[in-house]
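Everything below concerns the one structure shown next.
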Ligand SMILES: Cc1ncc(COP(=O)(O)O)c(C=O)c1O
Ligand SMILES: Cc1ncc(COP(=O)(O)O)c(C=O)c1O
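Protein chains in written order, with full-length UniProt numbering: chain A, 1 to 489; chain B, 1 to 489.
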C-alpha cells in the first residue's frame, strides 16, 4: 500500500498522466501496428538473441509493406531520386538521358534548384502539373493542377480532409461513413478527431460488394446522434481486395449526392487489379461521365507511391485531387497545410516518377516496363495462390482477391477455441492470430482491427511475401490450422 | 440580387461551406506564408510575363529557406542520400568509403534493406541510436534511444506534443505559453487544436531576453480562463535571434517545475550561434546538471535538418527527444504517431548525416569540415552585416543577431504612414512591408505575424541571401526606407 502511495506521488509529479492528456489519444487504435505486431518485433529480437523457437524467422504478412517483403524498387524511380539528391550524377554516363531530363525539370521547379528548399505547401508546381496530365489521360476528363496537393503518402491528405469536416452541425458530432471492414487509418483518425464513425457493412457473400440499401440503413440509423458529413470508399478495397463495378460507383455517387456527403475515394490500389473481369474506374471519371449535377460534386481522391508497382512506402509520396470545392473552403484547406511547410521533396519526386514514367522510345522505357510487369505479374500470381490455398482450408470462407494486396478470409472458430480465447481475455480471432504467430512466426492482423459482423471472425494477410516465401508460409499456415482445428474441435 | 441568390443556391449545393467546416481552420494564421508571400509569388509570375517593375527579381527574405537563397548542400549528406536511394552507386569509385559504410549501416537497419520500406513509427532504430549518441556527447548526460522519435522536420513533432496536452482540465481550455514574438507554427497549431495561447513578452530592451517575472505575470493572468499546460521556449530565438544564457535556462526550468508545465524546447537553431559571448546550452543538459528534482522533469526538445549548416528544408528531417514521460503516456504518444505510419526515410537519412558526420581521418572529413565552416562563417558575417546596416537606419531599433537566421528590427512608423495604412485597412507594419515589396521586390514578414507589443512595429528578415545579394538587398532597402520616411514624415 505504501508502495502504491509512493507510486502515486511519483505520478503526481508528472505534468502528464493518463487522466489529463488528450482523451482521443487513448481512444484511438491502429491495429496494423497493434499488439500482434509489437509481439512480432519482440520475437524477432528473441530469435536474434538465440532463443529457440519452432521457426527461424518472422514473416510479416501484417502490413502492406512491399520492399520489406523483398519487392525490388523500380530502377527509373531510384535513379530519378539519386539524380535530384546528388547533382554530380548528371555527369555520369550510367544515368540515362530521359531520367536526367526529368530530374532537370524537377530541379528547375525547385527554389534555388535544390530539393533542399521548402516547396509550395501543395507541392512543386511542375509535378502537380504532371499529376494533372496523368489524371486527365487516365480519365478522359479535364484535370486542373490547382486541384492537386502533393502529400507525404496518402495518409496526411486523408487526415487533412477529415479534419476539414470536423465541425459540429446542429449541435451534433460530425459523422464519417466508412466501410466495415475498413483500413484502420480511418477509424484511428475519426477517433483522434472526436468524430463519429458510421460503419456500413460490405457484403461478404457477394465478394465484399458495396450495396446501397446498406448505405441507406447506416446513414439513417446514425442520424439520431450524428450529422453524417462524409463517405469514404476504398477501391480497390483494403482489407477486402474487392474491386467495385462501374454501376456500383454510379450508385454510390448518387447516394452521396442525395445526402450531401463529401466523397472520399481512396484509390491507392488503382494499379493493383488481378481478376480478369475487374477493371478500375476512378470516381472522378464516373462522376464526370454522369454529367450534371454529379459532375459538379465535391470529390476528394487519394493516391500513393506506397502501393501499385512502386511500393515505395518509406519515401512517403502521394497526392490528393480535390475537385469542385468552394474556393474559400479550399483556401482554408491550403492554409491549414501551410503551417507544416511542405511534404518531403523525396516523396514529391517519387510522385513524379509515378505519373511521368519513361515513354516509348526513351532509353529507360524497356527496363521500366519489364520491371513494372514483373511486379504486377507476381502480385497477380500470389493473389490467386492465396485464394486457392485458403479456400482449401477446413472452416475457411474466402473471397477472390480481385485487387489490392490482401486477403481477408473468414474463419469458423470452434467453440472450444472461443472458450480458450475468453479465458485469456482475447477476441477469438486475435487468439487465433497469436497462436499462429507464436507457433509459426507468421504475423497477420485479426479481423477485429478492421471491423467485421458480430460473431464472425477474420484475419487479414498480405499477398506480399515473395512467391517462394509465400508458398512456405502457406504450408506452415496449413499445418498450423489443421492442428488448431484438431486441438479445439 | 438575383445573382447573389443564385450564388447562394450554388453554394448550398456544396457539402462544405465556410459556415460548416472546422472553425479552427478559419481561425488559424501562418504569416510566414501569408498574403505578403502570396503577393510575392504573383509578382514573380508577372516578372516572368514581362510586366515592368522597378526591380527584376523578388528577394525572398521571408522564410528560413537556406537552399532557396543559394546555400549549397553539404556533399556528404547528399552522397549518403543518393547511396541509400540507388544502391548501384556502391560500386562507384566516386563515393568515399566512409559514406558507403554509413549508407550500409542505414540500409541494414531497414526492413528488406530498402529505404522504400515503412520504418518503425519512431524511426529506424539504428538512426535513433546515432541521435542518442550525438545528444549524450553534446550534453555529457545519458540519452536513451527509446526517447528519440524521428520526425519529418521538427514541425510534426511539435504538433504531436501539442496535441498530446490538448485536454480540458477542470473544465478549462488547455493553455500553451509561447513567447511574443514567436514562430507562427505555434500560434497556428494552438488555433488548429482549439487551445489557448498564453503569450509572454521577450524583453526587447535587453536583447530579447526571457524574464521570469514576465512568465509569472502571463501565467497568473491566464489562469482565469485557461489551464496552462505547457511552456514553449525557442532558443536560439526565431524571429528574435537571441541566445539564452545558462542562468536564464536554469530559471526557466525552475519556473516550469514550480507550475508543472511541460517544457517544449525548440532548439532547431542550436548550431547557429554568432555572437562571441553567446553559447548554446541545451535544456536537457542544464536540467541534468541541476540534479533532482529538475533532472526528472518531463522535457521535449526538437531538432531539425532544415536549419544549422545543412539547411535541408525540403527533405523533411528532424527528431524530438522526450524524456521522463510517464511510460503509459509515452505509449499513447507513440500510438498516435503509428496511424500515419512513419516519417520519410529521406529525412531520417538526413538526420543520420546530421548526427553521425565523417570523423577525423575518414576520407570525407576535410571536405565536410570545410563546407560546414563555409556555411557557418557566411551566416555569421551576414548576421553582423544585417545588424550594422539596419542599426544605421533612421527610426530603426535593432538588436544584435546572436543566433538563428533572422533579424527582427523595430521601426518607428511616422503618423502619416500609420494613417495611410489605416486608409488601406492594413496594420502599419504590413503596409510598410507591402510598400517595400512592391517597390523593391524584397519580401519580408511584418511583425504582426509573430506578435509584438501593442503600438510597436517590426518586421522579420532572414540573413539568408548570399552575401553579395544581401548587400544589394540592404542597399535597396536603405533607399526605400529613406524615401518612405521622406514621404510620410
Ligand atoms: C486503403 C489505404 N489507404 C491509404 C493508405 C496509406 O498509405 P500511405 O500513407 O503510405 O500512402 C494505405 C496503406 O496501407 C491503404 O491501405
Ligand atoms: C523555431 C522553429 N521551429 C521549428 C521550425 C520547423 O522547421 P522544420 O519543420 O522544417 O524542421 C522552424 C522553421 O523555420 C523554426 O524556425
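Even for Gly, the Cβ is constructed at its ideal location relative to N, Cα and C.
Item to check | Extent of the continuous beta strand (DSSP E) run through residue 232(B) | outcome: 226 to 234
Next on the checklist: At the level of alpha carbons, what is the spacing between residue 200(A) and residue 263(A)?
Outcome noted: 14 Å
Item to check | For residue 387(B) and residue 148(B), the rounded distance between their alpha carbons | outcome: 37 Å
Item to check | Residues, ordered as in the chain, of the segment 246 to 278 of chain A that lie near chain B by beta-carbon distance below 7 Å | outcome: 260, 261 and 262
Next on the checklist: Any contact between the segment 356 to 371 of chain A and the segment 38 to 57 of chain A? By contact I mean 3 or more CB pairs, one from each, below 8 Å.
Outcome noted: no
Item to check | One or two residues paired with residue 321(B) in a DSSP bridge | outcome: 148(B) and 301(B)
Next on the checklist: Considering only heavy atoms of ligand 2, does any lie closer than 7 Å to the CB of residue 131(B)?
Outcome noted: Proximity of the beta carbon of residue 131(B) to ligand 2 is not indicated: no heavy atom of the ligand is located closer than 7 Å.
Checklist entry - Of the residues that make up the segment 16 to 29 of chain B, which ones have a beta carbon closer than 7 Å to any beta carbon in chain A? => result 16, 17, 18, 20, 21, 22, 23, 25, 26 and 28
Next on the checklist: For residue 177(A), report the span of its beta strand (DSSP E) as first-last.
Outcome noted: 173 to 180
Checklist entry - Opposite residue 265(B) in the DSSP bridges: which residues? => result Partner(s): 233(B) and 301(B).
Checklist entry - Taking the alpha-carbon positions, what's the residue 24(B) to residue 168(A) distance? => result 12 Å
Item to check | Bridge-paired residues (DSSP) for residue 410(A) | outcome: Paired residues: 397(A) and 458(A).
Next on the checklist: Under 8 Å, Cβ to Cβ, is there at least one residue of chain B near residue 182(A)?
Outcome noted: No, residue 182(A) lies away from the interface with chain B (no Cβ there is under 8 Å from its Cβ).
Checklist entry - Starting from residue 197(A) and walking both ways along the beta strand (DSSP E), at which residues does that stretch end? => result 196 to 201
Next on the checklist: With a threshold of 7 Å (Cβ to nearest heavy atom), would residue 272(A) be considered close to ligand 1?
Outcome noted: A distance criterion of 7 Å places the beta-carbon of residue 272(A) beyond contact range of ligand 1, judged by its closest non-hydrogen atom.
Checklist entry - Taking Cβ positions only, does residue 381(B) come closer than 8 Å to chain A? => result no
Checklist entry - How big is the Cα-Cα spacing for residue 125(B) and residue 39(A)? => result 17 Å
Next on the checklist: Am I right that residue 336(B) and residue 28(A) are in contact with their C-beta atoms under 8 Å? What's the rounded C-beta distance?
Outcome noted: 6 Å
Next on the checklist: Rounded to whole angstroms, what is the Cα-Cα separation between residue 450(B) and residue 239(B)?
Outcome noted: 7 Å
Checklist entry - Using a threshold of 7 Å, is the CB atom of residue 313(A) nearer than that to any non-hydrogen atom of ligand 1? => result Yes, Cβ of residue 313(A) sits closer than 7 Å to a heavy atom of ligand 1.
Checklist entry - Hey, which residues come within less than 5 Å of ligand 1, measuring from Cβ to any heavy atom, in chain order? => result 64(A), 153(A), 154(A), 155(A), 183(A), 234(A), 238(A), 266(A), 268(A), 304(A), 306(A) and 318(A)
Next on the checklist: Could you pull the DSSP bridge partners for residue 209(A) from this structure?
Outcome noted: The partner list for residue 209(A) (beta bridge, DSSP) reads 203(A).
Next on the checklist: Given this structure, state the Cα-to-Cα distance separating residue 75(B) from residue 286(B), to the nearest angstrom.
Outcome noted: Taken atom to atom, the span from the alpha-carbon of residue 75(B) to that of residue 286(B) is near 34 Å.
Checklist entry - Looking at the structure shown, is residue 138(A) part of a helix, part of a strand, or coil, going by DSSP? => result Helix, per DSSP.
Checklist entry - How big is the Cα-Cα spacing for residue 295(B) and residue 270(A)? => result 52 Å
Next on the checklist: Shorter than 7 Å, the distance from the beta carbon of residue 185(B) to the closest heavy atom of ligand 2, or not?
Outcome noted: Checking every heavy atom of ligand 2 against the Cβ of residue 185(B), one is found closer than 7 Å.
Checklist entry - Expressed to the nearest angstrom, what Euclidean distance is found between the alpha-carbon atoms of residue 170(B) and residue 205(B)? => result 38 Å
Next on the checklist: Using 8 Å for Cβ pairs, my map puts residue 346(A) next to residue 315(B). What's the rounded Cβ distance?
Outcome noted: 7 Å
Item to check | Beta carbon of residue 175(A) nearer than 8 Å to that of residue 144(A) | outcome: By the CB criterion at 8 Å, residue 175(A) and residue 144(A) fall outside the cutoff.
Checklist entry - Going by the C-beta, is residue 341(A) closer than 7 Å to any heavy atom of ligand 2? => result Answer for residue 341(A): yes, Cβ within range of ligand 2.
Next on the checklist: Strictly under 8 Å for the Cβ-Cβ distance: is residue 145(B) near chain A by that measure?
Outcome noted: no
Item to check | Cβ of residue 73(A) within 8 Å of any chain C Cβ | outcome: Here chain C cannot be found, since the structure's protein chains are A and B.
Checklist entry - Helix, strand or coil for residue 8(B) per DSSP? => result Here residue 8(B) scores only 44 on pLDDT, less than 50, and its place in the model should not be relied on; the value that follows carries that caveat. Residue 8(B) falls in the helix class under three-state DSSP.
Next on the checklist: Would the segment 238 to 253 of chain A count as touching the segment 393 to 406 of chain A if we require 3 or more Cβ pairs under 8 Å?
Outcome noted: Touching, per the Cβ criterion.
Item to check | Rounded C-alpha distance that separates residue 470(A) from residue 155(B) | outcome: 40 Å
Checklist entry - Would you call the CB atoms of residue 159(B) and residue 225(B) closer than 8 Å? => result no
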